[in-house]
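Take a look at the structure set out below.
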Amino acid sequence: MSELIVWHDGACPLCRREIALMRRLDRRGAIRFVDVSEGADMQCPIDRADLLARFHASEDGRLLSGAAAFAAMWRAIPLLRPLGLLARNPLMLALLERAYGMFLRIRPRLQQLARRGPALRKTAVEGQKS
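Just so we're aligned, residue 1 is where the sequence shown starts under our numbering, counting upward by one.
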């Protein structure tokens, strides 16, 4: 079995949710998840700021970024493997990369909404109790 390392931004609420889901789906423990936000991993293959700015993975020692990194992670999880295999098609990978690029542009706003979400839910619940 190939070694897969996934670096993620544990300080990002969106990333935390995504990685939590991937951990639950990775029942075989095929993926080693590394939280780069803590700065503890000295084996980062590139600059930490670059790792935080974009999703990265290493599959059998080969560094992947963006959609290719997601596809490698999907291939390691049996339920998502068909998606990962589909992403081996260059056209599909290009489309996924384009979608990921669009996501990166709106990521800061989505992070703000995700951070405010729990506070908004708490306020709504407290309002219902009154």
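Don't be surprised by glycine CBs; every beta carbon is placed ideally from N, CA and C.
Mind checking who Arg81 pairs with in its DSSP beta bridge? According to DSSP, Arg81 bridges with nothing at all.
Sequence ranges, alpha helix (DSSP H) only - wholly within the region 18-74, length at least 4: 48-53
Report, in whole angstroms, the separation of the C-beta atoms of Leu52 and Ser65, which I expect to be a contact under 8 Å. Their Cβ separation, rounded to whole angstroms, is 12 Å, which puts Leu52 and Ser65 out of contact at 8 Å.
Where DSSP assigns a beta bridge to Ile106, which residues make up the other side? DSSP, once it has assigned bridges, lists no residue as partnering Ile106.
When the Cα of Leu113 is compared with those of Pro90, Met22, Leu14, which residue comes out closest? Leu14
Exposed unless 16 or more other CB atoms sit within 10 angstroms - verdict on Arg75: buried
Sort out for me which residues DSSP pairs Leu91 with in a bridge. DSSP lists no partner for Leu91.
Distance between Arg27 and Asp9 (C-alpha atoms, nearest Å): 22 Å
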